[in-house]
Amino acid sequence: MSGRDPGTGLIHHPYQAPDGFESPAVAVHKGSTVFFPSVAAMRSRTWKDKSAYTYGLHGTPTTFTLEERIAALEGGRHTLLVGSGLAAIALVNLSLLRAGDEVLLPDNVYGPSRELALHELAQYGVSHRIYDPMAGADALRAAIGERTRLVWIEAAGSVTLEFPDVRALVAVARERRVTVALDNTWGAGIAFPAFGLGSGHGVDVSVHALTKYPSGGGDVLMGAITSVDRQLHERLMMTHGRLGLAVGANDAELVLRSLPSLHLRYHAQDRAAREIAAWALRRPEFARVLHPALPDSPGHAHWASLCTAAAGLVSVVFDARHDGAAVDRFVDALQLFRIGYSWGGPISLAMPYRVQTMRNFAPPAAGSLVRLCIGLEHPDDLIADLEQALQAL
Ligand SMILES: *Cc1c(COP(=O)(O)O)cnc(C)c1O
10 MSGRDPGTGL IHHPYQAPDG FESPAVAVHK GSTVFFPSVA AMRSRTWKDK SAYTYGLHGT
70 PTTFTLEERI AALEGGRHTL LVGSGLAAIA LVNLSLLRAG DEVLLPDNVY GPSRELALHE
130 LAQYGVSHRI YDPMAGADAL RAAIGERTRL VWIEAAGSVT LEFPDVRALV AVARERRVTV
190 ALDNTWGAGI AFPAFGLGSG HGVDVSVHAL TKYPSGGGDV LMGAITSVDR QLHERLMMTH
250 GRLGLAVGAN DAELVLRSLP SLHLRYHAQD RAAREIAAWA LRRPEFARVL HPALPDSPGH
310 AHWASLCTAA AGLVSVVFDA RHDGAAVDRF VDALQLFRIG YSWGGPISLA MPYRVQTMRN
370 FAPPAAGSLV RLCIGLEHPD DLIADLEQAL QAL
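Under the working numbering, the residue at position 181 of the sequence shown is numbered 190, and the numbers go up by one with no gaps.
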């Protein structure tokens with residue numbers, strides 16, 4: 010060593026830190042390049058069963074650890090990580106569908122998922138059909154055709170929070186031997202068991218926007234794809250590798266750091282959202298309050314039979330005497346609630362929607378809707394903020 014240039018010595022330094030360091034944190038392992046101790050080791054290593062490391066794209070100790078924890082959270086066996094929830098949806102579609110196939114999307118699907126079907130999937134010869142998730146098992150059975158290869162389910166629905174009969178929809182997909190994928194972002198692995206719906210049923214694939222509750226900070230984009238069946242996982246995993254969809258080590262570490270408080274945050278936001286929903290029911294400005302735990306919210310009985318909790322989302326539909334401009338003034342007048350899309354963080358959010366323009370079937374409520382995503386502020390302060398903003402109507 011001593012004959013080498015000191016600069017080389019900084020790169021190839023012989024000191025190795027001792028093993029045995031332990032702390033609450035999972036280490037941030039970074040690497041595009043992974044070293045092999047020998048050519049033989051390079052030739053014999055495989056990343057597919059997580060028994061070794063070959064290239065940053067195929068996993069590091071940090072990403073393998075996060076994958077295992079998300080699989081455990083969701084009650085699945087295998088998890089893949091990608092750069093956003095939407096990328097997770099895209100990966101499932103691109104991996105499982107080929108030209109000539111059809112995919113079924115629920116009418117309450119996450120909006121960008123519909124856009125993906127309208128554009129890229131159509132461009133690759135994959136057609137889609139929208140089904141009414143609230144019309145029950147027979148409607149889904151009727152919508153499944155010869156070419157249907159994949160059915161998506163969303164529970165509760167984005168924006169309108171209607172809760173479909175998940176068990177019945179999954180049973181129909183099983184009966185017709187069509188793969189069924191759930192967008193599990195709302196349930197987060199906490200509200201209901203996607204892979205254990207009773208009597209041997211479960212979804213095949215669960216997609217989770219880790220961007221939301223698992224991140225918990227409003228500061229990370231990440232998505233997860235979880236499954237139980239090894240063959241299905243390998244199919245998804247090979248597409249994942251071929252498309253090159255790795256996540257950054259620092260982002261993985263941020264999610265790992267937030268996971269221990271996931272259950273506490275989820276249940277706190279659930280409690281606060283229910284308090285706010287109960288307050289909203291008493292206000293004359295709102296024609297409807299949409300939250301699956303409310304008895305007259307669409308699909309309440311399905312929610313009650315499946316779930317032990319609910320996410321911190323509540324949508325309010327304004328009475329027709331308040332026009333869109335007045336509702337926009339209400340949203341602008343909010344002070345603690347900020348205007349933004351990506352929920353699950355500490356700060357409460359409000360977003361106005363014109364639901365009629367987003368649906369093929371009749372939405373559960375017409376009129377101006379504002380979705381409230383409850384953060385970690387005290388619910389009394391949030392209610393006071395909503396009350397002062399109602400003056401702006
Ligand atoms: C946010 C969200 C997504 C997409 O997640 P991103 O990480 O923002 O791409 C997908 N589905 C649902 C239900 C979501 O709320």
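Note that the Cβ used here is the ideal one computed from N, Cα and C, for glycine as well.
Under 8 Å between C-beta atoms of residue i and residue j
| i | j | result |
| --- | --- | --- |
| L358 | R347 | yes |
| I234 | V216 | yes |
| E76 | L90 | yes |
| R297 | V326 | yes |
| S122 | I98 | yes |
| R183 | E111 | no |
| P355 | G321 | no |
| T220 | M231 | yes |
| L303 | H309 | yes |
| L403 | H300 | Since the first residue shown for the chain is 10 and the last is 402, residue 403 is missing from the structure and cannot be characterised. |
| D116 | W161 | no |
| L245 | S93 | no |
| V168 | A190 | no |
| G40 | A255 | no |
| L273 | S224 | no |
| G353 | Y222 | yes |
| T63 | R52 | no |
Three-way DSSP call (helix, strand, coil) for residue i in this model
| i | result |
| --- | --- |
| D213 | coil |
| T63 | coil |
| P23 | coil |
| E396 | helix |
| M51 | helix |
| I162 | strand |
| D260 | helix |
| Y275 | helix |
| M231 | coil |
| A148 | helix |
| L385 | coil |
| R13 | coil |
| T372 | A small correction: the amino acid at residue 372 is Pro; Thr does not occupy that position in the sequence shown. Coil, per DSSP. |
| G207 | strand |
| H128 | helix |
| G18 | helix |
| L170 | coil |
| P223 | coil |
| L391 | helix |
| L402 | coil |
| S267 | helix |
Start-to-end residues for the beta strand (DSSP E) that takes in residue i
| i | result |
| --- | --- |
| H137 | S136 to Y140 |
| R156 | Neither: R156 is in no beta strand (DSSP E) and is coded neither H nor E. |
| D192 | T188 to D192 |
| E111 | E111 to P115 |
Enclosing alpha helix (DSSP H) for residue i [first to last residue]
| i | result |
| --- | --- |
| T248 | R239 to L252 |
| L178 | V175 to E184 |
| E83 | P70 to E83 |
| G94 | G94 to L105 |
| S122 | G120 to L125 |
DSSP beta-bridge partners of residue i
| i | result |
| --- | --- |
| Y362 | L378 |
| S236 | H87 and V214 |
| I348 | A359 |
Residue i: CB within 7 Å of a non-hydrogen atom of ligand 3
| i | result |
| --- | --- |
| A334 | As far as ligands go, the structure on display features ligand 1 and does not contain ligand 3. |
| task | Let me know the beta strand (DSSP E) ranges lying completely inside the stretch 282 to 346, each 3 residues or longer, listed in chain order. | result | 295 to 299 and 322 to 327
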